[in-house]
Amino acid sequence: MQGSFATSAVPGTRFTEIRWVPETGSTNADLLAAAAAGAAEGLVLVADHQTAGRGRLDRSWVAPPGSSLLVSVLLRPTLAPDALFLLTAAAGVASAEAAETVAGVRVGLKWPNDLVAVGPPLADRKLSGVLAESSVTDGEVRAVVVGMGLNVNWPAELPEDLAATATSLDHLAGHPVDREALLVAWLRRLDHWIDAIEAGPDGRRSLVDQLRERSATLGRAVRVELASGVVEGEAVAIDEDGHLQVATAGSAEPLVVAVGDIVHLRPVS
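Position one of the sequence shown corresponds to residue 8 (our numbering), numbered consecutively onward.
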């Protein structure tokens, strides 16, 4: 996937058109514009480099050109607005499955949307983030764009500030990792989980169970930064709505944190 992109679709899935560009501002922004212009579900945009990539809360996403899998997909799901968190969850679980299958490395999901390394020496270093943006009119979801930036083949030497918080699949695997194979694996698993979500409650429960099983957050002491202040406690559960439950000192009931409430979460230990 250096300078060209061979895969134009993933047969047997909803992802029937894959476009590759060497550089763009933001793959998410491009697909939101395409959605507004009437593009169909299943359009995928992949870039070698983003000049204005974003994460949750408009945080910037840093990636040297050609080193990461930068991809967004256009969906037109049959979901209510309050169930859209399931698509972010599906993208996260699919990224973990693809990384494990293609790169052969062990990874975890840091709530709410980060793929991280697990185990020493790079535990908790960030591998990817997921950003979902939606178009909702009169309470009806018209389109959702789900974007992911996954660190794949990064330089051996990283800037000091980045090395303390991030890593890439080649650092974990000890060899270069095929970005195109990762893309296809991710799209296949994402398609699987979207089908499960739209099939009904059993599929949704199965997805949330995967979030729990793969969680790098549950059972750990965490520091939760909210708009209203900072809370420390133990992450004890992820509920059926994808909320994180945090047990805090002096409270009989856990604090329930929704994705939209959180500014930042980090493990204390």
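Idealized CB from N, CA, C, for every residue including glycine.
Item	Value
To the nearest angstrom, report how far apart Ile245 and Gln252 are at their CA atoms.	6 Å
Taking the runs of the beta strand (DSSP E) that are 3 residues or longer, which of them lie wholly in the region 135 to 193?	147 to 158
For Ser74, name the three-state secondary structure that DSSP assigns.	coil
Hey, could you find the ends of the beta strand (DSSP E) Arg230 is sitting in?	228 to 233
Select from Leu81, Asn35, Arg21, Arg26 the residue whose C-alpha is nearest the C-alpha of Gly45.	Leu81
Using CA atoms only, rank isn't needed, just tell me which of Gly32, Leu94, Val28, Ala42 is closest to Asp198.	Leu94
Below 9 Å between beta carbons: does that hold for Asn120 and Leu138?	yes
Please state the DSSP three-state secondary structure of Trp200.	helix
Select from Asp55, Pro261, Asn160 the residue whose C-alpha is nearest the C-alpha of Gly240.	Pro261
Hey, could you find the ends of the beta strand (DSSP E) Arg273 is sitting in?	269 to 274
Looking only at its chain, what residues have a beta carbon closer than 7 Å to the beta carbon of Val191, apart from the 5 residues adjacent to it on each side?	Thr14, Val17
Please work out which residues of its chain come closer than 6 Å, Cβ to Cβ, to Leu52, disregarding the five sequence neighbours upstream and downstream, and give them in chain order.	Arg26, Thr34, Asp37, Leu38, Ser79
Tell me which residue opens and which closes the alpha helix (DSSP H) that Leu3 is part of.	With the chain represented from 8 up to 276, any question about residue 3 goes unanswered, as that position is not in the structure.
Helix, strand or coil: which one does DSSP assign to Leu86?	coil
Please go through the same chain and pick out, in chain order, the residues whose beta-carbon is closer than 6 Å to the beta-carbon of Ser74, but skip the five residues on each side of it.	Asn160, Trp161
Drop a sphere of 10 angstroms on the beta-carbon of Thr174, count the other beta-carbons inside from all chains shown, and report buried for 16 or more, exposed for fewer.	buried
Only counting the same chain, and skipping five residues up and downstream in sequence, which positions put a Cβ closer than 7 Å to that of Phe22?	Ala16, Gly49, Val51, Val80, Leu194, Asp198
Give me the Cα-Cα distance between Gly62 and Gly257, rounded to the nearest whole angstrom.	Bear in mind that the predicted position of Gly62 carries a pLDDT of just 48, short of 50, making it too unreliable to give a figure here.
Which complete alpha helix (DSSP H) runs does the region 88 to 126 hold, if anything under 4 residues is left out?	92 to 110
Can you name, in chain order, every residue of its own chain whose Cβ lies under 7 Å from the Cβ of Thr20, other than the five neighbours on each side?	Leu194, Arg195, Asp198
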